[in-house]
Amino acid sequence: MSVNRVLDAARPGVRAAVAGRLRWPRAWLERETVFSWLMLTPPLLFLVAFLGYPFCYGVYLSFVNRPVARPATFVGLGNFVNLWYDPIFWQAVWNTFRFTTAATVLKLAGGLGMALVMHQHFRLKGLTRALLLLPFIVPTVLSTVAWQWILDPGMGLFNRLLTYFHLADRGPSWLGNPTMAMVSVILVNTWRGLPFFGITILAGLQTIPAELHESATIDGAGTWQRFRHVTLPLLMPVIFIVTTFSIIFTFFDFQLVYVLTGGGPANSTHLMATYAYAVSMGGGQLGLGSAVALAMVPVLGVVLLLMSLYVRRD
Amino acid sequence: MDRPRRSKPSTSRRNFLKLAAAGAAGAAVTSSWRPRYGVAKPAQITFLRESSFVKEFDEHFKNVLAPRYQKETGIKVNYEIVAAGGSAVPRLVSIVESKAPVDVAWVQQEWLYRDGLLDVSDIAEELGKKGGGWYPAVKELSFWEGKWKSVPFGNIGQVMVYRRDWFDAAGVTTFPDTWEEFLEAGTRLKKAGHPYGMSMGHGYADNNSWLLPLLWSFGAQPVDKAGKVTLDSHETARAVDYVRKLYKDACLDDCVGWLDIHNNKAFLTSQISCTNNATSILISAKRDLPSMGKVTDQALNPKGPKGRFHSLVATTHAIFKHTADPEASKHFLRWLMDPKQVTDWYRSGFMYYAPFLHAYDNDPEWDKEPRFKPDQKVLETGKLPSWPAPADHRAGEVVSKWIVIDMFAKACTGKSTRDAIAEAVTGLKQIYG
Chain Z
1 MSVNRVLDAA RPGVRAAVAG RLRWPRAWLE RETVFSWLML TPPLLFLVAF
51 LGYPFCYGVY LSFVNRPVAR PATFVGLGNF VNLWYDPIFW QAVWNTFRFT
101 TAATVLKLAG GLGMALVMHQ HFRLKGLTRA LLLLPFIVPT VLSTVAWQWI
151 LDPGMGLFNR LLTYFHLADR GPSWLGNPTM AMVSVILVNT WRGLPFFGIT
201 ILAGLQTIPA ELHESATIDG AGTWQRFRHV TLPLLMPVIF IVTTFSIIFT
251 FFDFQLVYVL TGGGPANSTH LMATYAYAVS MGGGQLGLGS AVALAMVPVL
301 GVVLLLMSLY VRRD
Chain C
1 MDRPRRSKPS TSRRNFLKLA AAGAAGAAVT SSWRPRYGVA KPAQITFLRE
51 SSFVKEFDEH FKNVLAPRYQ KETGIKVNYE IVAAGGSAVP RLVSIVESKA
101 PVDVAWVQQE WLYRDGLLDV SDIAEELGKK GGGWYPAVKE LSFWEGKWKS
151 VPFGNIGQVM VYRRDWFDAA GVTTFPDTWE EFLEAGTRLK KAGHPYGMSM
201 GHGYADNNSW LLPLLWSFGA QPVDKAGKVT LDSHETARAV DYVRKLYKDA
251 CLDDCVGWLD IHNNKAFLTS QISCTNNATS ILISAKRDLP SMGKVTDQAL
301 NPKGPKGRFH SLVATTHAIF KHTADPEASK HFLRWLMDPK QVTDWYRSGF
351 MYYAPFLHAY DNDPEWDKEP RFKPDQKVLE TGKLPSWPAP ADHRAGEVVS
401 KWIVIDMFAK ACTGKSTRDA IAEAVTGLKQ IYG
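In structure tokens, the structure reads:
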């Protein structure tokens with residue numbers, strides 16, 4: 001028997017109540033507060049479980065002495081005091097800043113150039129765009145192993161090219177010299193992160209109305225002036241977002257350095273993330289390792305605050 | 001990953017009868033399994049190992065030992081392999097912390113997580129008595145606070161691997177016996193276009209395996225037996241100066257940043273004439289590059305003023321405290337280490353893991369390939385990386401921060417001997433107090 005026939009047979013009061021009950025979930029969902037919380041709850045639970053809990057546990061660990069498989073003992077700021085006097089920690093901090101700054105600047109400049117070229121019309125544009133995304137798509141560990149071969153002193157592509165074109169008798173030691181090792185990890189990070197900048201800035205470029213360029217051209221603006229006074233100002237919001245994300249990704253980078261150099265030679269490429277891992281997972285000092293990891297958070301917070309203040313000022 | 005499962009307790013008569021019938025049938029087949037009162041046999045045991053560089057070794061376990069154990073006991077062995085090259089220790093640490101469902105494991109650097117391991121004194125004592133005794137150096141690792149926390153398995157011998165043809169061509173017909181002769185030969189070889197490649201980067205074995213023995217052989221010790229930092233000495237300065245000269249005159253520039261895989265790659269692509277490594281280079285060369293395999297040889301570390309030393313890369317087997325069934329795990333480990341099983345297993349890997357029991361000192365397998373013999377001899381002069389300090393978690397922190405290794409690497413990349421030592425001493429004092 002269908003619902004309508006049941007309702008027809010019922011008295012008007014009962015009928016209204018049944019219809020009301022049937023409408024109830026829908027009406028309830030129509031309420032904006034209810035619906036938004038319903039949508040927010042799954043991601044919130046996810047964030048609490050996989051981000052909030054580990055983060056809070058990490059904060060707790062940073063205040064305790066906690067060797068693996070042993071109970072924790074509260075040490076207050078002891079781990080941070082320990083780090084304050086730890087030269088390897090300060091080297092890792094300095095390396096992390098150098099690495100993040102250099103890689104971000106290179107990615108920004110290269111990504112902008114890549115986007116401007118990709119914005120032009122040429123044959124096989126779609127295929128070229130797809131290929132340029134490859135470094136971003138290939139798993140980092142896999143591509144870094146390939147880079148190990150590329151940077152190999154005797155068999156590597158770089159040194160072979162240098163010797164083939166008689167640019168050097170023997171190429172440099174890309175990973176054996178502390179300065180070159182840092183240059184190498186910055187280079188590989190730039191290679192991997194460039195498509196992220198390129199594609200995002202390209203999306204920003206495509207939103208700039210052509211009329212603005214046309215009127216600037218009519219007003220006598222050259223290519224550089226159009227770029228400087230039309231393209232760049234309109235791209236700034238996109239550039240800000242993409243740079244902020246990149247700083248976060250680069251600051252926390254781990255895989256690349258871990259696979260390529262392990263932080264060597266002589267700690268010259270040790271980043272805060274690789275040092276935190278070495279102390280906690282390699283050295284079994286979970287408390288001290290968490291303190292290294294936690295030390296990254298306020299530093300990054302200050303960087304992001306400064307950036308947002310800069311953008312607001314403009 | 002499956003946790004070892006027990007049969008669910010049953011209350012119904014029919015289920016009880018079914019279980020009893022199955023149990024009786026199982027007992028008939030699995031005569032070696034002795035069920036304990038009230039405890040059902042586990043369905044499976046999870047055994048974790050680092051992937052071996054000798055593939056035959058892993059294959060032997062998978063194809064011979066695991067099926068044999070299942071046939072004898074009805075228990076399936078879930079053989080879990082962790083990628084080699086430094087990822088095993090962090091995995092073991094995370095297993096102990098998260099109490100992941102692994103029962104028995106091949107362990108390395110157990111000083112980090114010893115408190116999470118079960119007492120296996122009964123198995124280790126029994127094997128020691130029957131097998132002619134354990135090498136004393138490994139006892140300092142496995143025997144802790146009056147208990148055996150792991151059963152020693154074998155040492156991955158780290159020795160000098162060199163190209164005999166290039167050494168011969170340079171007029172060095174026998175491998176250098178002292179560090180001074182080693183430098184002299186290396187200088188000649190580098191001039192001939194065949195430099196050494198001595199790892200000094202952030203690896204886990206190939207750097208410690210020659211730098212620590214070199215330091216010890218010069219009479220220096222980072223930390224003494226009582227845990228006092230003793231690195232700042234004339235002997236250390238001499239060792240640092242020596243390594244700087246060796247690096248400059250005899251080595252490929254790149255080796256100062258090498259991880260454990262890099263020297264294998266460089267040797268097998270004919271870029272270097274000598275390195276310190278496990279047998280994996282020789283095994284790979286023999287298997288994949290026969291012409292190179294014929295001219296590749298191995299030798300013990302050269303000796304210094306205070307003698308000849310080697311650094312042990314000790315591998316042991318342990319049972320996690322959180323195992324679902326400690327008795328079942330012990331039964332498996334005892335069975336595995338029984339000579340009926342373990343002897344063929346050692347041999348399947350060409351003695352890559354040199355047994356810590358004296359009973360294997362003269363195993364005929366050592367005679368099949370004389371070039372593997374130095375790996376066995378390493379046991380006579382081998383010390384743990386912490387030596388002479390106790391192999392505790394502080395020693396683990398020194399290794400994982402590469403404090404001693406980086407002292408040499410810094411000296412090779414421009415730091416003065418005094419500064420390189422001073423920085424290492426600061427690092428050691430932070431750990432040892």
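Chains as they are written, first to last, in my numbering: chain Z, 1 to 314; chain C, 1 to 433. C-beta atoms are modelled at their ideal positions from N, C-alpha and C, and glycine is treated no differently.
Assuming residue i and residue j make a contact with CB atoms under 8 Å, what is their CB distance in whole Å?
i	j	result
F309 of chain C	Y69 of chain C	Incorrect: roughly 39 Å between the Cβ atoms, too far for contact.
Q430 of chain C	Y60 of chain Z	Their Cβ separation, rounded to whole angstroms, is 23 Å, which puts Q430 of chain C and Y60 of chain Z out of contact at 8 Å.
V287 of chain Z	N79 of chain Z	According to the sequence displayed, residue 287 of chain Z carries Gly and not Val. 5 Å between Cβ atoms; contact.
I88 of chain Z	Y310 of chain Z	Their Cβ separation, rounded to whole angstroms, is 32 Å, which puts I88 of chain Z and Y310 of chain Z out of contact at 8 Å.
D253 of chain C	N82 of chain Z	35 Å between Cβ atoms; not a contact.
Which same chain residues end up closer than 7 Å to residue i when comparing Cβ atoms and leaving out the 5 residues on each side of it in sequence?
i	result
W134 of chain C	G128, P152, F356 and L357
A66 of chain C	V77 and Y79
R129 of chain Z	M118
D446 of chain C	Here chain C has residues from 1 to 433 only, and residue 446 of chain C is not among them.
A411 of chain C	V240, V243, R244, T417 and A420
Given residue i, which residues of its chain have a CB within under 6 Å of its CB, disregarding the five upstream and five downstream residues?
i	result
K286 of chain C	G293
G201 of chain C	G257, W258 and L259
G38 of chain C	Caution is warranted here: a pLDDT of 49 is assigned to G38 of chain C, below 50, making its placement in the model unreliable, and the coordinate value is therefore given only provisionally. Taken in chain order, the list of residues that qualify is empty.
T96 of chain Z	L271 and M272
Does residue i have its Cβ less than 8 Å from a Cβ in chain C?
i	result
R70 of chain Z	yes
V81 of chain Z	no
I186 of chain Z	no
P177 of chain Z	Before going further, note that residue 177 of chain Z is Asn rather than Pro in the sequence given. For N177 of chain Z, the answer is yes, since a Cβ of chain C falls inside 8 Å of its Cβ.
M39 of chain Z	no
L294 of chain Z	no
P54 of chain Z	no
T261 of chain Z	yes
Y85 of chain Z	yes
A278 of chain Z	yes
M281 of chain Z	yes
Run through DSSP, which three-state label would residue i get?
i	result
S31 of chain C	For S31 of chain C, the predicted structure reports a pLDDT of 38, less than 50, and the residue's modelled location is therefore unreliable. The matter cannot be settled from this model.
Q262 of chain C	According to the sequence shown, residue 262 of chain C is His rather than Gln. Helix, per DSSP.
L428 of chain C	helix
F218 of chain C	coil
G263 of chain Z	coil
E80 of chain C	strand
P42 of chain C	coil
G382 of chain C	strand
K303 of chain C	strand
F53 of chain C	coil
H234 of chain C	helix
N462 of chain C	For residue 462 of chain C there is no data in the structure shown, the boundaries of chain C being 1 and 433.
M160 of chain C	strand
A25 of chain C	The predicted model places A25 of chain C with a pLDDT of 43, which falls under 50 and marks its position as unreliable; any figure quoted below should be read in that light. Helix at A25 of chain C.
L118 of chain C	coil
With 8 Å set as the bound, which would you pick, yes or no: does the beta-carbon of residue i sit closer than that to a beta-carbon of chain Z?
i	result
M160 of chain C	no
A22 of chain C	Unreliable placement is indicated for A22 of chain C, whose pLDDT of 45 sits below 50; the coordinate value is still reported in the next sentence. A22 of chain C does not count as touching chain Z.
C274 of chain C	no
P90 of chain C	yes
Q298 of chain C	no
L268 of chain C	no
F206 of chain C	In the sequence under discussion, the amino acid at residue 206 of chain C is Asp, which differs from the Phe named in the question. Output row for D206 of chain C: interface = no.
S400 of chain C	yes
E180 of chain C	no
What does a CB cutoff of less than 8 Å around residue i pick up in its chain, not counting 5 residues either side in sequence?
i	result
A181 of chain Z	W174, L175, T261, G264, P265, S268 and T269
List, in order along the chain, the chain D residues whose C-beta lies closer than 7 Å to that of residue i?
i	result
K410 of chain C	The structure shown contains no chain D; the protein chains it does contain are Z and C.
Please tell me whether, using a cut-off of 7 Å, the distance from the CB of residue i to the nearest non-hydrogen atom of the ligand FAD is below it.
i	result
G154 of chain Z	No copy of the ligand FAD occurs in the structure displayed, which carries no ligand at all.
The region 49-66 of chain Z / the region 231-239 of chain Z touching (three or more Cβ pairs under 8 Å)
no
Count the CB pairs spanning the region 185-203 of chain Z and the region 140-157 of chain Z that are closer than 8 Å, and state whether there are at least three.
yes
Can at least three beta-carbon pairs, one atom from the region 360-374 of chain C and one from the region 324-338 of chain C, be found at a separation below 8 Å?
no
Counting beta carbon pairs with one atom in the region 141-158 of chain C and one in the region 179-199 of chain C, are three or more of them shorter than 8 Å?
no
Could you tell me whether the region 383-393 of chain C touches the region 237-250 of chain Z, using the rule of 3 or more Cβ pairs below 8 Å?
no
Count Cβ pairs between the region 70-80 of chain Z and the region 297-304 of chain Z that sit closer than 8 Å; are there 3 or more?
no
Between the region 194-209 of chain Z and the region 105-125 of chain Z, do at least 3 Cβ pairs fall closer than 8 Å?
yes
Check whether the region 367-383 of chain C touches the region 341-353 of chain C, counting contact only when three or more Cβ pairs, one atom from each stretch, lie closer than 8 Å.
yes
Are the region 217-233 of chain C and the region 319-331 of chain C touching, with three or more C-beta to C-beta distances below 8 Å?
no
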